[in-house]
Amino acid sequence: MRVWIGWALLLLVLVGLALVPMVLTRDLVTALFFTFIFLTLAANYDVLGGFLRHINLGQGAFFGLAAYATAVVLTRAPWSPKLGALAVWVAVGVAIPLTAIFAALVAYPLFQVRGPYFAVITFGLVLILQQIVLNTSRLSGGSYGVTIPARYYPSLPTAYYAGLALAIGAVLINSFIARSRLGIAFHALRDSEEAAAAIGIDPFRHKQTAMVIASVPSAAAGCIFALFMGHLYMETVLGTDVTLLPVIIAMVGGSGHVLGPVLGAVIVRGLDIGLVYAALPVPNLALYGLMLVGIGLFLPGGIVHVLTRKGR
Amino acid sequence: MPLLEVIHVSKTFGGLRALDGVNLSVERGETFGLIGPNGAGKTTLFNVISGFLQADEGQVRFHGHDLVGLRPHQICRRGVARTFQLVQPFSDMTVLDNVAAACLFGRHRIASIQGARERARHLLELVRLDAKASVPAGSLTLSERKRLEIVRALATGPDLLLLDEVMAGLTPAEGQEMGATIRHMQAEFHLTLLIIEHNVRLVTGLSHRMAVLNHGSMIAEGEPTEVVRHPEVIKAYLGERRSRGA
Amino acid sequence: MRAKWFVLPALLLVAVALALGPTREASTQAKAPDTIRIGATLAVTGPFSPEWGPPMLKFMTEWTKVVNEEGGIFLKEFNAKVPIELVIYDDESKPPKSVELYEKLNAADKVHVFLGPSTSPITMAASTVAEKLSIPMMACEANDTALFTRDLKWFAGVLELGYPWSETYFDMIGALNKRGATKYSSVTIISSDRPHTLDVGRGADDFARRAGLKVVFHEKVPFGTTDYSALIAKIKPLDPDIVFLSLWPPEMIAFVKQAEELKLKPRDLYSRFLGAGFITGVSPRLAEGVTGATYNAKKWFAGTRAEKVAKRLGVDPYDVAWLAIKYNCMEALLTALQDAGTLDRAKVMATIRAYNKAKPIKAVYGPLFFSWNVQVGDKQANGFGTQKPIVMQVQGGKLQVIWPEAAADAKYKATPRPY
Amino acid sequence: MTLGGVYALIAFTLSVALATTHVLNVAHGTLMVLGAALATLLTRFMGLSLPLSVLGVAGCFALMGLLFDAVFVRPILHKSRETILITSIVATFGLALAMETLLGFYWARWVDPEPSFSLSLPAPHIEVRGIVLSTQRLLIFAYAVVAIGVFHLVLKHTPVGKAARALAQDYEGALIVGVNPRAVSRAIYTLGVSFTAISGAFYVLTVPLDPYQGIWLTLVALIVVVIGGVGSLPGALLGGLLLGMIQALTVFFVGSGWSPIMFLLVLFLILVFRPQGLLGGRR
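Protein chains in written order, with numbering that gives the first Met the number 0: chain D, 0 to 311; chain Y, 0 to 245; chain Z, 0 to 418; chain A, 0 to 282.
This is the structure we're talking about:
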């Protein structure tokens with residue numbers, strides 16, 4: 000019975016979310032669009048961060064790489080203008096596989112290390128991409144950034160639905176992983192890599208798979224974000240926000256649980272958006288920070304784990 | 000042709016020679032006991048055979064094929080399974096899934112999770128852990144963890160099972176029980192066993208043949224009863240005792 | 000995973016949707032609105048805020064009061080003076096946040112026109128909102144060329160592009176050299192790797208040559224560089240007369256302090272920004288004699304609202320480096336509204352676009368108009384303004400405008416470095 | 000190069016805390032900025048001399064360290080390693096955001112419209128055979144050496160220090176032997192937070208800070224920690240010096256634009272070929 004109520008509510012939410020652009024004002028639709036982008040990143044972060052317990056500060060690298068690839072194809076490829084609206088699809092078609100291949104390749108150096116070292120080396124990956132962007136001005140525009148021609152901009156509802164689809168996709172991927180043999184392998188690897196190898200699980204290949212899986216929705220999110228913002232600056236698509244916010248969202252919600260990133264996104268972004276409406280005399284960021292302190296200390300390990308009383 | 004051949008394997012850590020030209024061969028179907036004082040290089044030898052360490056020189060042959068250069072999961076899939084001296088259960092997973100994982104990814108690579116769990120349940124009965132199937136492995140007692148460790152290795156479908164001090168830390172009664180379980184398993188699955196044990200008495204009772212390792216070198220090999228009477232072996236064990244006392 | 004955990008986010012989202020949903024309403028406008036609503040975001044907090052934050056907010060709020068004390072601005076359409084209302088949000092220095100907030104300014108606050116945010120990156124994001132919603136946006140402190148080469152229809156900014164930033168300064172050096180007051184011949188340019196500072200650096204390179212100087216060293220440093228000791232060691236043997244710093248405040252302060260440590264002694268040290276923060280940052284002793292850019296001139300401010308606001312807030316306009324930009328920008332927007340005589344957005348924008356050299360806005364610093372279809376590099380630039388920095392020098396611990404002579408408080412004083 | 004010493008110090012305080020309590024303090028850099036702010040306030044606006052204001056900073060931040068320990072470390076110390084890590088990242092990230100925003104906002108309102116923290120020390124230069132040595136840098140270097148020395152002595156020769164090292168080497172083992180992690184964490188945070196804040200005060204003698212640079216400084220410190228190896232004092236020292244040296248050499252011989260790339264390449268190479276850090280013992 001209760002399961003059915005759950006599914007019914009889920010359906011209700013999905014229908015509600017589908018109706019949002021018709022019901023809510025543009026600012027809220029925009030805010031939700033950004034929420035979906037960050038939710039996608041957070042859910043993707045959790046493939047490594049939750050299932051494999053590798054704190055990955057490099058999720059933004061895939062996002063930024065795909066964003067730049069999209070922009071570069073649309074602005075620099077001589078054949079792009081001839082394709083019309085199709086060019087966007089070509090650009091996305093280049094950006095996503097490129098990012099997936101990149102993810103597969105960087106897995107080789109990145110997975111040489113574990114623990115805090117992994118967090119730092121993945122952060123280093125973002126820093127390296129930043130430097131590459133800054134030092135290839137002919138392609139990427141360097142610190143000037145790149146402008147995507149206005150004819151390619153999606154309308155707000157289009158962006159919204161694309162974001163929604165991505166976020167749902169990313170969460171579904173996680174829930175699929177959790178139920179599949181891949182999930183069992185990840186779980187085994189996270190508990191003991193040695194023992195996992197001893198029962199025939201290839202540690203590297205599985206981690207690499209995780210990284211590639213996690214890179215695809217993030218890459219797609221990067222593409223939409225690039226098209227929506229219209230102009231890419233290195234700091235906007237490869238900056239600290241893109242690097243840290245998904246991690247915080249996943250951790251606030253509960254890393255390692257399918258619903259963790261969802262709850263985290265609702266709470267973190269809800270705070271962010273809600274505080275603007277509250278119009279308090281104290282800077283919003285300060286209150287936002289203090290609330291994160293509260294969440295961190297009073298709901299340790301993430302809200303999902305406290306709710307399901309599985310807190311470790 | 001022996002099932003496992005270790006040919007002149009050496010391994011050095013820093014300046015320490017952990018294995019020094021070790022030769023060993025294990026015949027199909029036998030139980031081979033490997034004893035030696037602490038630090039003799041027993042676990043290092045296991046790590047070399049199972050691919051966790053690369054030997055500096057020498058060969059490891061299994062079914063006549065060289066294992067050197069293969070990584071642990073590849074060796075597992077060829078039919079060599081091992082346990083760890085310090086047991087390493089997947090502590091957040093259920094006992095059942097610990098074993099099911101081995102069924103999924105071991106040599107037989109059962110395709111469906113459902114099928115793997117069924118097989119795992121059957122195997123758990125064998126070591127009397129079926130009642131604990133749905134608890135997290137982290138909450139088991141030491142003796143239960145040791146049994147889980149063995150059954151998980153078994154679930155990968157090996158020809159050769161390497162047991163690393165599976166009786167250490169158990170009470171004498173538990174040790175006896177473990178011995179019985181091992182014998183039973185060997186008979187049912189036609190296993191070849193290579194056992195490391197610190198406790199000489201227990202392993203003597205189980206083994207068909209035995210060898211003694213000291214300071215990385217093989218000092219004796221043969222019938223269990225002969226081996227334990229070998230003067231070098233006595234010296235090695237007594238010497239160890241003396242140095243401990245000092 | 001139990002189904003009930005779908006319920007929580009679901010309920011939250013539905014609640015948010017219900018609470019915020021029915022804010023849409025049809026508006027029919029016939030009589031004069033109570034206020035003219037102008038919307039803006041400002042980097043009150045976050046990394047850009049040390050230059051733009053709280054003092055600017057105070058200034059803008061107080062300015063609104065002053066305007067309204069005069070009854071607001073006259074709109075011909077209603078044949079009445081209408082007070083203004085400035086709605087400002089904190090964009091926390093984040094471009095995506097400003098996109099959300101400008102959408103909110105339109106949707107929830109129903110503003111009539113937009114004032115631009117602070118800095119180019121945020122303006123870049125915000126301007127797309129203006130374009131999508133067809134709302135005129137008057138940009139203030141943003142002059143990244145890329146902003147103006149996107150063929151935006153609803154966007155204009157008061158600043159001249161970053162490139163001619165140093166034109167006035169090198170005019171001055173040229174004039175002083177001609178008079179024989181100085182004998183500067185070599186320049187070293189350091190620019191930080193950000194669009195604006197790179198533009199300024201590129202411009203300095205050209206304007207220095209035009210003034211007959213030799214550029215002996217020109218280096219781009221990564222944004223955020225704070226250790227210049229190796230770079231200074233490299234510059235020192237060249238002994239340039241002028242060190243031209245196109246850097247950001249913390250970088251600049253670090254450079255000046257480290258120049259002392261390593262005894263780099265240029266005859267003139269030019270800083271892209273000068274304000275109270277710079278003087279206290281490097282200490283008055285090291286700041287003495289440093290020249291730099293400002294948009295402020297007290298002579299210009301005399302009798303304006305800016306002077307009134309500054310007096311009320313008790314601030315020296317020279318202390319807040321970029322105050323004049325915001326001021327001119329807000330005033331330009333009011334003038335455009337007044338000249339349009341209506342709140343009809345298309346007409347307001349048409350008015351903004353119609354200003355030209357012959358018929359400009361009379362800003363305190365001179366004529367303000369917006370340039371359209373100007374070839375810049377391989378692109379067409381549209382909508383950039385005319386405001387350009389002038390030259391200031393720290394003299395006796397105080398900031399003094401020294402060039403152009405019409406706005407100057409004092410004369411250039413060649414000051415040896417105090418070490 | 001001399002700044003390498005300061006990098007080493009802030010990296011080491013971060014690393015000791017991480018190794019002994021598993022708390023990753025994202026607000027570490029922000030505390031350093033806060034120290035610089037307080038020192039600036041005391042000297043520039045209250046007219047105290049540099050040594051006095053350093054003492055003031057030390058006192059205030061020792062208290063701050065106690066408070067930090069009580070609020071952020073103690074309540075989670077008994078939890079599992081992973082929960083501690085995640086909890087501390089979320090909570091201290093929030094703390095860093097809140098602190099930097101409040102500092103930036105109110106400093107601009109009450110103290111100085113353009114917040115930048117920097118101290119100056121009009122001191123003579125020492126010139127040895129044409130090489131100019133800045134006394135400020137010498138002072139910073141001397142401070143780093145002394146502070147690292149103090150840390151070293153505390154860790155080597157006091158009971159708390161020994162306990163801390165035991166925790167860092169084998170957490171569970173140390174607990175079984177009866178090491179009290181609460182006493183250790185109190186000592187580590189009191190000492191660590193005050194040294195971090197003082198480092199901020201010395202750092203701004205040459206390089207100014209603004210309120211929003213804290214999280215970035217934490218990340219730099221983390222990189223230095225990783226280069227050297229978690230929990231290793233000589234490692235942090237080597238990491239810090241290496242960071243300073245690579246920057247200086249690349250700027251001088253190649254060009255400023257290349258210095259971050261060079262540095263990142265070194266980081267990558269070290270991590271890939273020596274994953275435990277240059278001087279880290281265990282993985």
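For glycine and all other residues, C-beta sits at the position ideal for the given N, C-alpha and C. None of the values given here were measured: they were computed from a predicted structure.
Per-residue burial, residue i [other beta carbons within 10 Å of its own, 16 or more giving buried]
i: D/Tyr107; result: exposed
i: A/Val70; result: exposed
i: Y/Ala245; result: Only weak support exists for where Y/Ala245 lies, its pLDDT of 35 falling under 50; the coordinates are left without a value.
i: Y/Glu225; result: exposed
i: Z/Thr421; result: The structure shown has nothing for residue 421 of chain Z, since chain Z only spans 0 to 418.
i: D/Tyr276; result: exposed
i: A/Phe252; result: exposed
i: Z/Asn355; result: exposed
Min CB distance residue i to chain B below 8 Å
i: D/Ser254; result: This model lacks chain B altogether; the protein chains it does include are D, Y, Z and A.
Other residues of its chain near residue i: CB distance less than 8 Å, five sequence neighbours each side excluded
i: Z/Pro239; result: Ser185, Val186, Thr187, Val215, Phe216, Pro265
i: Y/Gly13; result: none
i: Y/Leu141; result: Val86, Gly168, Leu169
i: A/Leu84; result: His21, Val22, Leu23
i: Z/Ser26; result: Reliability of the predicted coordinates at Z/Ser26 is poor, the pLDDT of 45 falling under 50, and the value obtained from them is presented with this limitation in mind. Contacts found: Lys109.
Element boundaries [beta strand (DSSP E), containing residue i]
i: Z/Ala155; result: 154 to 156
i: Z/Pro366; result: 365 to 367
i: Y/Asn193; result: The sequence shown places Leu at residue 193 of chain Y, not Asn. Where Y/Leu193 is concerned, the enclosing beta strand (DSSP E) stretches over 191 to 195.
i: Y/Leu23; result: 15 to 25
i: Z/Ala292; result: 290 to 293
Which listed residue (the options) has its alpha carbon closest to that of residue i
i: Y/Gln53; options: Y/Ser9, Y/Leu190, Y/Leu85; result: Y/Ser9
i: Y/Val187; options: Y/Gly221, Y/Lys234, Y/Gly156; result: Inspection of the sequence shows that residue 187 of chain Y is occupied by Glu rather than by Val. Cα-wise, what sits closest to Y/Glu187 is Y/Gly156.
i: A/Val219; options: A/Cys59, A/Pro207, A/Gly239; result: A/Gly239
i: Y/Asn97; options: Y/Lys234, Y/Ser111, Y/Arg120, Y/Glu222; result: Y/Arg120
i: D/Val261; options: D/Ala99, D/Val281, D/Pro245, D/Tyr276; result: D/Pro245
i: D/Arg113; options: D/Gln129, D/Pro77, D/Tyr160, D/Arg52; result: D/Arg52
i: A/His77; options: A/Ser115, A/Asn179, A/Phe267, A/Thr249; result: A/Asn179
i: Z/Pro283; options: Z/Ile252, Z/Ala301, Z/Ala345; result: Z/Ile252
i: Z/Gly211; options: Z/Ser228, Z/Asp226, Z/Met171; result: Z/Met171
i: Y/Pro223; options: Y/Val211, Y/Glu148, Y/Ala101; result: Y/Val211
i: A/Leu37; options: A/Ala26, A/His27, A/Leu54, A/Val25; result: A/Leu54
Span of the alpha helix (DSSP H), counted from its first residue to its last, around residue i
i: Y/Gly156; result: No alpha helix (DSSP H) contains Y/Gly156, which DSSP labels as neither H nor E.
i: Z/Asn444; result: Nothing in the structure corresponds to residue 444 of chain Z, since chain Z is present only between 0 and 418.
i: D/Glu234; result: 233 to 237
i: Z/Val281; result: 275 to 281
i: Z/Lys109; result: Z/Lys109 -> no alpha helix (DSSP H), and no H or E assigned at all.
Nonlocal neighbours in the same chain, by C-beta distance under 6 Å from residue i, ignoring five residues either side
i: Y/Arg76; result: Arg106
i: Z/Leu255; result: It is worth fixing the name first, because residue 255 of chain Z is Val in this sequence and not Leu. Val281, Leu285.
i: D/Leu56; result: Ala118, Thr121, Phe122, Thr242
Close beta carbons around residue i, own chain, < 7 Å, minus the five adjacent residues each side
i: Z/Gly20; result: The predicted position of Z/Gly20 is uncertain, since its pLDDT is 45 and thus under 50; a value taken from the coordinates is nonetheless stated next. There are no such residues.
i: Y/Thr11; result: Ala17, Asp55
Contact between the segment 397 to 415 of chain Z and the segment 287 to 300 of chain Z: three or more CB pairs below 8 Å?
By the Cβ criterion, the segment 397 to 415 of chain Z is in contact with the segment 287 to 300 of chain Z, since at least three pairs of Cβ atoms, one from each stretch, lie closer than 8 Å.
- Query: Would you call the segment 260 to 278 of chain D and the segment 64 to 83 of chain D touching, i.e. three or more CB-CB distances under 8 Å?
  - Reply: Segments in contact, no.
Taking contact to mean at least 3 C-beta pairs separated by less than 8 Å, is the segment 46 to 63 of chain A in contact with the segment 105 to 116 of chain A?
Three or more Cβ pairs closer than 8 Å define a contact, and the segment 46 to 63 of chain A falls short of that threshold against the segment 105 to 116 of chain A.
Taking 8 Å as the threshold, find out whether the segment 127 to 141 of chain Y comes into contact with the segment 82 to 89 of chain Y through three or more Cβ pairs.
In short, these stretches touch, since the Cβ pair count reaches three.
So does the segment 198 to 217 of chain D actually touch the segment 150 to 162 of chain D, counting three or more Cβ pairs closer than 8 Å? The segment 198 to 217 of chain D, when compared against the segment 150 to 162 of chain D, does not touch it at the 8 Å Cβ threshold.
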